[in-house]
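Asks: Have a look at this one before I ask anything.
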Amino acid sequence: EAGVTQFPSHSVIEKGQTVTLRCDPISGHDNLYWYRRVMGKEIKFLLHFVKESKQDESGMPNNRFLAERTGGTYSTLKVQPAELEDSGVYFCASSHGLEKVKETQYFGPGTRLLVL
Amino acid sequence: AQSVSQHNHHVILSEAASLELGCNYSYGGTVNLFWYVQYPGQHLQLLLKYFSGDPLVKGIKGFEAEFIKSKFSFNLRKPSVQWSDTAEYFCAVTPNYGQNFVFGPGTRLSVLP
């Protein structure tokens, strides 16, 4: 079974540019999560999709961040325009969705974003 | 707000030493508890998890953790570490009605050969 994949693995952009991160969850997983780890700090929740719907986007830092999951399969996270403080590692995770409160999340390798 | 603390930022041990990494959470209700590990250059992997039942949970690679509800703790242990255990370890919590992880800041473990 293929795991969660993320693309690109690294991205270096200049302040003000746009970057789009992609996550492909494990096939059949309804739940998809985005997390972010800013350097030296803890991993923080950004948002949660159930299929194509946003279940919880309380962790999104501001309106420069836009996440989509059209068709309920892969998801994209766009940062536009990027700022220096957006640098960090962006993790994606997925889970089945069969057991609402006893789910294990499987993580992707992360995308390392550096904004110069 | 719910938070998770991990007692040590960086732990350095020699091979065969025993390991205990502390994790405490602030949430007062029912929680699910996890330990994840990130080996150098790899993605986060689940070590073990606690949902209910026996508070002593055994995971992969000889790790175990004990849930002590009265202390709001979920400490990770291993009786004898190996060089290959060098990694960063994360404690994570979800409330029983929710699904989003709250992570601790991570503990970096270095095992000297």
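Same order as they appear, the protein sequences are chains B and U. The first sequence maps to residues 5 to 120 in our numbering. The second sequence maps to residues 34 to 146 in our numbering. Glycine residues also receive a C-beta, built at the ideal position from the N, C-alpha and C atoms. Here the structure is a predicted model, which is why all the values come from computation and not from measurement.
How many angstroms separate the CA atom of ALA50/U from the CA atom of MET64/B?
Replies: Roughly 41 Å between the two C-alpha positions.
Asks: For a contact meaning CB atoms closer than 8 Å, what does HIS40/U contact in chain B?
Replies: Per Cβ cutoff of 8 Å: no residues; HIS40/U is ~14 Å from chain B at best.
Asks: If we cut at 8 Å on Cβ distances, does PHE100/U have a partner in chain B?
Replies: no
Asks: Can you tell me whether DSSP reads LEU88/B as helix, strand or coil?
Replies: helix
Asks: Determine the closest residue to THR9/B out of GLY101/B, TYR110/B, ARG68/B, with distance taken between C-alpha atoms.
Replies: TYR110/B
Asks: Does the beta-carbon of THR63/U have 16 or more other beta-carbons within 10 angstroms, so that it is buried, or is it exposed?
Replies: exposed
Asks: Could you tell me the distance, in whole angstroms, from the CA atom of GLY86/U to the CA atom of LYS102/U?
Replies: 12 Å
Asks: Which residues in the same chain as HIS43/U place their Cβ atom closer than 6 Å to its Cβ, once the five residues preceding and following it in sequence are excluded?
Replies: ARG141
Asks: To which residues of the same chain is ARG68/B closer than 8 Å at the C-beta, ignoring the five residues directly before and after it?
Replies: VAL83, GLN84, PRO85, ALA86, GLU87, ASP90
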